[in-house]
Every structure is written in structure tokens, then in C-alpha cells.
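Enquirer:
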Amino acid sequence: PFDVLIVGGGPAGAAAAVYAARKGIRTGIASERFGGQVLDTLGIENFVSIKETEGPKFALALEEHVRHYDVEIMNLQRAKALKPGRQMIEVELENGAALKARSVILSTGARWRKLGVPGEEQYRNKGVAYCPHCDGPLFKGKRVAVVGGGNSGVEAAIDLAGIVQHVTLIEFGEQLRADAVLQSKLASLPNVKTILNAQTTEVTGDGQKVNGLVYKDRASGEEHRVELEGVFVQIGLVPNTEWLKGTLELSRHGEIVVDAKGQTSVPGVFAAGDATTVPFKQIIIAAGDGAKAALGAFDHLIRSSVP
Ligand code: FAD
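Every number in UniProt numbering is 212 more than the matching position in the sequence shown, counting from 1.
(1) Look at the alpha carbon of A293 and the alpha carbon of I317, and state the distance between them as a whole number of angstroms.
(2) Identify whether E275 lies in helix, strand or coil by the three-state DSSP scheme.
(3) Could you work out which residue in D282, V376 and T413 is closest to V404 when comparing CA atoms only?
(4) Who are the near neighbours of F214 in its chain, counting only those whose CB is closer than 6 Å to its CB and skipping five residues on each side?
(5) Ignore the nearest five residues each way along the sequence and tell me which others in I495's own chain have a CB closer than 7 Å to its CB.
(6) Would P491 be called buried (16 or more neighbouring beta carbons within 10 Å of its own) or exposed?
(7) Go to K312, then tell me how far its beta strand (DSSP E) extends in each direction, as first and last residue.
(8) Between K354 and the rest of its own chain, which residues show a CB-CB distance below 8 Å, the 5 nearest in sequence each way excluded?
(9) Output yes or no for whether 8 Å exceeds the beta carbon distance between A484 and E467.
(10) Using the three-state DSSP reduction, which class does E367 fall into: helix, strand or coil?
(11) Does ligand 3 have even one heavy atom less than 7 Å from the beta-carbon of A310?
(12) Quick check: the Cα distance between V303 and L311, rounded to an integer number of angstroms?
(13) Whose C-beta lies closer than 8 Å to the C-beta of T416 among residues of the same chain, with five residues either side of it excluded?
(14) Under the three-state reduction of DSSP, which class applies to Q395: helix, strand or coil?
(15) By DSSP's criteria, T412 is part of a beta bridge. Which residues make up the other side?
(16) Please state whether DSSP places A472 in a helix, a strand or coil.
(17) Would DSSP call H280 helix, strand or coil?
(18) To the nearest angstrom, report how far apart Y342 and G348 are at their CA atoms.
(19) Find the nearest neighbour of residue 520 within the set D252, G297, L513 and A233, judged by alpha-carbon distance.
(20) In the DSSP assignment, the beta strand (DSSP E) including V358 goes from what residue to what residue?
(21) Here's a check: name, in chain order, each residue in its chain whose Cβ is nearer than 6 Å to the Cβ of T406, leaving out the five neighbours to either side.
(22) In this structure, how does DSSP classify A224 when only helix, strand and coil are distinguished?
(23) By the 10 Å Cβ neighbour count, where 16 or more other Cβ atoms means buried, how is L288 classified, buried or exposed?
(24) DSSP on R515, reduced to helix/strand/coil?
(25) Among A505, L513, G328 and V216, which has the Cα closest to the Cα of A242?
(26) Helix, strand or coil for K457 per DSSP?
(27) Under 8 Å between C-beta atoms, does R355 make it to chain B?
(28) Does DSSP classify I497 as helix, strand or coil?
(29) Output the distance between the C-alpha atoms of R245 and T320, rounded to the nearest integer angstrom.
(30) Using 8 Å for Cβ pairs, my map puts L388 next to V366. What's the rounded Cβ distance?
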């Protein structure tokens with residue numbers, strides 16, 4: 213059995229693996245896709261000490277760092293169930309195998325909810341973006357739309373309004389769903405236009421990059437086109453925790469509830485990164501969080517009675 217078994221091989225899982233392995237304890241990491249979301253990221257410019265890199269390059273560096281230590285890496289393995297026990301915790305994989313461990317770190321990350329309209333996939337990273345903290349500066353002086361009028365959409369619109377030339381905020385419902393304080397801040401900005409009751413139907417482009425967005429006025433049924441260079445999709449970040457439902461405490465958004473040491477509601481089970489209630493979903497935060505969960509798990513192990 214493992215002393216620490218990590219499920220998920222993104223920045224959080226990789227950092228947890230390095231920290232656990234450096235304690236000289238038996239460490240394993242099982243992940244569906246080693247690297248996680250950074251594999252889908254074009255440029256990374258906000259991981260301090262690395263001025264500029266590319267997602268796949270960063271993912272490779274994560275893997276190299278983990279491989280430098282004695283860590284059992286199980287790639288292309290999807291976990292389907294967590295079975296807590298008094299001394300051993302079991303993680304069941306889709307392939308039927310069951311892994312046993314004295315402590316488990318869950319770092320299965322999250323995924324952005326997609327619009328599911330034509331052009332979204334085609335122009336992803338070519339004008340279609342999901343993370344204003346990451347990609348906002350790429351649109352300096354340009355026109356963008358933010359799709360989604362909840363807290364994250366309105367926050368994104370406010371954030372982007374300070375960087376880009378113009379923001380069109382598009383909300384499906386008849387009203388914005390963000391907190392009142394955010395809505396009034398938004399209303400005070402001269403370069404933001406809000407369109408309500410609008411269903412985004414297409415992201416258009418010239419074959420290379422985005423040049424517009426088409427939406428349907430849900431009241432009249434009429435279609436309109438907005439010319440712009442970027443579309444930020446802000447309709448929700450979904451944690452990859454469906455497989456944990458009923459086993460440990462999740463927030464109403466499905467995030468794993470953790471304390472300051474990354475401990476979940478189940479003893480011996482820790483969690484880190486985008487899959488958890490830790491705010492602000494970023495690489496550097498996930499990595500720090502993974503380190504913290506590994507130290508939390510180590511702390512747990514040296515206090516538990518099993519030798
Ligand atoms: P993830 O990176 O999501 O990794 C999760 C891991 O768990 C993966 O290995 C996955 O395969 C695995 N997994 C999931 N479910 C299971 C399962 N059931 N069983 C086994 N394994 C499973 N952040 C920045 O700081 N800067 C940026 O520039 C930036 N740009 C971004 C651009 C894009 C397009 C996207 C999508 C995100 C971007 N982010 C950026 C956010 C950043 O990528 C995430 O915050 C970070 O990757 C979270 O790390 P994580 O380890 O918690 O989760």
C-alpha cells in the first residue's frame with residue numbers, strides 16, 4: 213500500500229507528489245491526464261519565476277520534477293470511487309484495480325463549462341478564453357465579450373474593462389445574477405455594455421482568429437452580431453468531483469470542502485487545487501495547495517497509530 217496516494221496529476225497533484233516523496237514515504241500518483249488543465253493552456257505568464265512559458269512545456273516540467281523522485285506514476289488512470297476505511301483508504305479505478313493507501317490526496321481539478329456553440333472549439337486559444345486573470349492582458353486595447361452574468365462573469369467584465377478597449381457582457385437571463393455591489397460597479401464603467409436575455413449562438417472568425425459573436429435576442433428571436441476580438445466564457449467552473457458524491461463533504465458547487473491543512477471531512481483524506489473550496493483557481497495557487505495537502509497528509513501519518 214501507499215503511504216500517500218494522489219489522485220490527479222495537475223499542478224496540485226504534482227506538487228503534492230514532490231513534497232510527499234521528499235519525506236521518504238511511499239508515494240503514488242494516479243491521473244487521467246498527467247499535466248491537467250495546463251495541457252490545454254497556450255501561454256503561461258503568471259507563474260512567478262517563469263516569465264513566460266507554454267502549457268505543454270510546463271506540464272512536461274511538472275512530470276520531470278515528479279519523476280526525479282521515487283514516485284509511482286500511474287498515468288491514464290481514472291478513479292471512480294473512494295472507499296474510506298479505518299486504517300486503509302481504497303481508491304477504485306475505472307480499469308477495475310483498487311489502490312490502497314494510508315492517506316489520499318484528491319487533486320482532480322476542474323473544467324470550464326463550455327458554451328457548446330459553433331466556433332467555440334475552433335477558436336479556443338485563438339480568441340476564445342476562459343480565464344481573465346490568465347488571458348486578459350492578451351486583449352489589451354481590443355474588444356471582447358464576456359458570456360455569463362453571474363459573479364464570475366461580472367467580475368471578469370470589471371477586470372477586463374480596465375485592460376481592454378470595450379467589453380460586451382452577455383447574460384442569458386433577464387437579469388444579472390451577480391452580487392449587487394458588483395453590478396453597481398459594472399454599471400459605473402463607461403466601456404462596458406450589458407445585453408440581457410441573450411443567447412450566444414455562435415463565435416465567428418476568419419479561420420485564424422475570432423472576429424465576432426452572434427447572439428439571439430430571446431424576446432424577439434432576432435439574431436445580432438457583435439464585432440470583437442475576444443470572447444471570455446464565464447458560465448461556470450465545474451470541479452471533477454462527481455465520483456466523490458456521498459463519500460465526503462462537498463460544497464453546493466461540488467467543491468471538496470477542506471480546512472487550512474487541506475484535510476477533508478474524511479480522516480486521512482486531503483484535497484488540493486481547483487477541485488476544492490480554496491478560492492481563486494490558478495496554477496500557482498493549486499501548486500502551493502498541493503504542497504500544503506502533502507504536508508497535511510504527512511502530519512496525519514506521523515500522528516496515526518499504524519506504523
Ligand atoms: P487540474 O490542472 O485540473 O488537474 C487535474 C488532474 O486530475 C488532471 O491530471 C486530470 O486528468 C486528473 N483527474 C480528473 N479527474 C480524475 C479522476 N476521476 N481520476 C484520476 N484523475 C483525474 N492558471 C494560471 O495560473 N495561469 C494561466 O495562464 C492559466 N491559463 C489557463 C488556461 C486554460 C485554457 C485553462 C483551462 C486553465 C488555465 N489556468 C491558468 C488555470 C490552471 O490551469 C488551473 O488552476 C490549474 O491547472 C489547477 O490545477 P489542479 O492540479 O488543481 O487541477
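Glycine included, each C-beta is placed from N, C-alpha and C at the ideal position.
Source: prediction; values computed, not measured.
Expert: In brief:
(1) 14 Å
(2) helix
(3) V376
(4) R238, G240 and A313
(5) Apart from sequence neighbours up to five positions away, the residues of its chain that approach I495 with a beta-carbon distance below 7 Å are P223, V250, I256 and F259, ordered along the chain.
(6) exposed
(7) A310 to L318
(8) If we look at K354 and ignore the five residues flanking it on each side, its Cβ neighbours are V376, Q377, L440, E441 and G442.
(9) A484 places its beta carbon 8 Å or farther from that of E467.
(10) helix
(11) Ligand 3 is absent from the structure shown, which contains only ligand 1.
(12) 5 Å
(13) So the list reads G331, V422, N423, G424, L425, V426 and R437, once near-sequence residues are dropped.
(14) helix
(15) T412 pairs with Y427.
(16) coil
(17) coil
(18) If I take the Cα positions, the gap works out to 10 Å.
(19) Coverage of the chain is limited to positions 213 through 519, which leaves residue 520 absent and any answer about it impossible.
(20) R355 to V359
(21) Excluding sequence positions up to five before and after T406, its CB lies within less than 6 Å of the CB of L381, all in the same chain and listed in chain order.
(22) helix
(23) exposed
(24) If DSSP states are grouped into helix, strand and coil, R515 belongs with the helices.
(25) V216
(26) coil
(27) Considering every chain present, this structure includes no chain B. It has just one protein chain.
(28) helix
(29) 10 Å
(30) Confirmed, about 6 Å.
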